[in-house]
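There are 2 protein chains.
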Amino acid sequence: MQKAPLILASASPRRLALLREAGFPAPIVRPALAPEPRLAGLAPGEMVTALALAKARDAAARSPEPGAVVLGADTVVALDGEILGKPRDAEEAGDMLRRLSGHRHAVYTGLALLHAGRELVRREVTRVYFRELSQWEIDAYVSTGEPLDKAGAYGIQGRAGVFVRRLEGDYFSVVGLPLCTFSEMLKELDVELL
Amino acid sequence: MQKAPLILASASPRRLALLREAGFPAPIVRPALAPEPRLAGLAPGEMVTALALAKARDAAARSPEPGAVVLGADTVVALDGEILGKPRDAEEAGDMLRRLSGHRHAVYTGLALLHAGRELVRREVTRVYFRELSQWEIDAYVSTGEPLDKAGAYGIQGRAGVFVRRLEGDYFSVVGLPLCTFSEMLKELDVELL
């Protein structure tokens, strides 16, 4: 098994925290510089893998480290097939949370791993069930500011944890990085991180 | 709605961290003093609610704070109906992880909330699917010491996150405190924490 450093092609503090909490060595953080390509018309599952791969390739092109593994990831929330991105403002955040209240939605995360000329791409889909939220709860949550930088206007690892009645799939994928799939991809590449 | 302080009848640092991350005010930590009663012959779901209630009552009896809410909780791992407690040593931890490898198990958490003469008790069951673990992975995980103080010999929020292929239910219940159920119980008591 080869030993390799990890380059994380993401600026997400949550992905970095997940890697640390799962015991992986600290990666080199090198977010993609190119603006996210517009991928209108793609289904959520296709979009996240395309964006994860684009981010990983962008970072890899600027990575001189020999033998490094480059990780790209992208996460979106989809409700009835419609993608909910990051809300523009508090009003849109409230609208998204009202739509999620009492319903099931899907969280898609795409992962791309680049190593020694190989490109592995995987996706993970997790079903998340919100309980009914009162307008008071939605307003209180939006006022914390937490929803504003998050796809679907919530952070499951933060104050929105109390909204989640049930999930089916990978919790860590909802946070932004499916750890089990990531570890399996490293095995497939026959690489151990250092 | 009444405002009340929370008394946490548990010494678990993970339960305390979950409350903080979900935005609840810092509780008064007052673990039960009495040894856990032996409850041989109970099914896992009955055992966790009985132990959660026993812990909450023990702490409540030593709590002079007027109008406080007292929270007791207990979590166990069950495989094919058999309860897996905290492993005695590294060898037993390895045995438990070998049994969990590639299989589905159940995590039961009981919650008891005591307030103003009322006692609410709930339980949560979550199904957790481990991927296949190699002996090398099990040995490496056991050597970190993380499994030794945990029911079922793993911590999903730590290095064992990479072992979990899928779950069905409440992630936070597997960590030790089902946040959604807890928030619903507070609503039922018509109490807001301060």
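Protein chains in written order, with the numbering used here: chain A, 86 to 279; chain B, 86 to 279. Every residue gets a Cβ at the ideal spot worked out from N, C-alpha and C, and that includes glycine. Remember, it's a predicted structure, so these values are computed and weren't measured experimentally.
For the alpha helix (DSSP H) containing residue i, name the first residue and the last one.
i      : result
Q242/A : No alpha helix (DSSP H) holds Q242/A; DSSP gives it neither H nor E.
T229/B : Segment: none, T229/B is in no alpha helix (DSSP H) and carries neither H nor E.
D180/A : A175 to L185
D143/B : P129 to A145
A102/B : P98 to E106
L274/A : L264 to L274
Beta strand (DSSP E) containing residue i: first to last residue?
i      : result
R208/B : R203 to F215
K88/B  : Q87 to A89
E253/A : V249 to G254
E150/A : Here E150/A belongs to no beta strand (DSSP E), and DSSP marks it neither H nor E.
L124/A : No beta strand (DSSP E) contains L124/A, which DSSP labels as neither H nor E.
L199/A : R189 to H200
D159/A : V154 to L164
L118/B : Taken as a continuous stretch (DSSP letters only), L118/B belongs to no beta strand (DSSP E), as it is neither H nor E.
L169/A : E167 to L169
Just the chain A side, please: which residues come within less than 7 angstroms of residue i by C-beta, in chain order?
i      : result
Y256/B : L252 and Y256
If you draw a straight line from the C-alpha of residue i to the C-alpha of residue j, how long is it?
i      : j      : result
R250/A : P122/B : 31 angstroms
E131/A : E106/A : 29 angstroms
G240/B : F257/B : 12 angstroms
L279/B : A89/B  : 6 angstroms
L264/B : L104/B : 8 angstroms
L185/A : R183/B : 39 angstroms
V260/A : A141/A : 19 angstroms
F267/B : R207/B : 9 angstroms
E177/B : R216/B : 20 angstroms
H188/A : A238/A : 15 angstroms
A102/A : A145/B : 36 angstroms
K235/B : L118/A : 42 angstroms
Q87/A  : D165/B : 38 angstroms
P120/A : L262/B : 40 angstroms
P172/A : V227/A : 11 angstroms
K272/B : G246/B : 31 angstroms
F109/A : A94/B  : 33 angstroms
F248/A : G179/A : 14 angstroms
G254/B : A191/A : 15 angstroms
D275/A : W221/B : 14 angstroms
E277/B : A111/A : 40 angstroms
A225/A : A201/A : 48 angstroms
L124/B : D143/B : 16 angstroms
P98/B  : P151/B : 25 angstroms
V161/A : L136/B : 40 angstroms
Taking residue i as the reference, which of the options has the closest Cα?
i      : options                           : result
A153/B : I92/B, D255/B and L264/B          : I92/B
S148/A : D255/A, D174/A and P116/A         : P116/A
M181/A : E209/A, A197/A and I223/A         : I223/A
T134/A : E253/A, E204/A, A119/A and S186/A : E204/A
A128/A : F267/A, A89/A and V210/A          : V210/A
D174/A : R99/A, P232/A and Y193/A          : P232/A
A163/B : V155/B, Y214/B, A201/B and F109/B : Y214/B
V114/A : V192/A, L156/A, G108/A and A89/A  : L156/A
G243/B : D159/B, D255/B and T229/B         : T229/B
L138/A : L198/A, P172/A and D165/A         : L198/A
Y193/B : W221/B, G170/B and A141/B         : G170/B
E269/A : L124/B, L218/B and I168/B         : L218/B
A297/B : A96/B, D255/B, F248/B and G202/B  : Because chain B here runs from 86 to 279, residue 297/B falls outside it and cannot be looked at.
L252/A : A225/A, E277/A, P98/A and R212/A  : R212/A
R284/A : E150/A, L196/A, E167/A and G126/A : This structure cannot settle anything about residue 284/A, because the visible part of chain A is limited to 86 through 279.
G126/B : Q220/B, A201/B, I168/B and A111/B : I168/B
Cβ of residue i less than 8 angstroms from any chain B Cβ?
i      : result
L264/A : yes
Q87/A  : no
Quick check: is the beta carbon of residue i nearer than 8 angstroms to any beta carbon in chain A?
i      : result
Q242/B : yes
R207/B : no
G99/B  : Per the sequence shown, the amino acid found at residue 99/B is Arg instead of Gly. Not one chain A Cβ lies under 8 angstroms of R99/B.
So which residues on chain B does residue i lean against when the C-beta distance must stay under 8 angstroms?
i      : result
G246/A : L103, E106, A107, F257, L264 and C265
L216/A : The question names Leu, but residue 216/A in the sequence shown is Arg. The contacting residues are C265 and E269.
Between residue i and the ligand HEM, is the CB less than 7 angstroms from at least one heavy atom?
i      : result
L199/B : Summarising the ligand content, the structure contains no ligands, and the ligand HEM is consequently not present.
Output, in chain order, the set of chain B residues within a Cβ distance shorter than 9 angstroms of residue i.
i      : result
V249/A : D255, Y256, F257, L264 and C265
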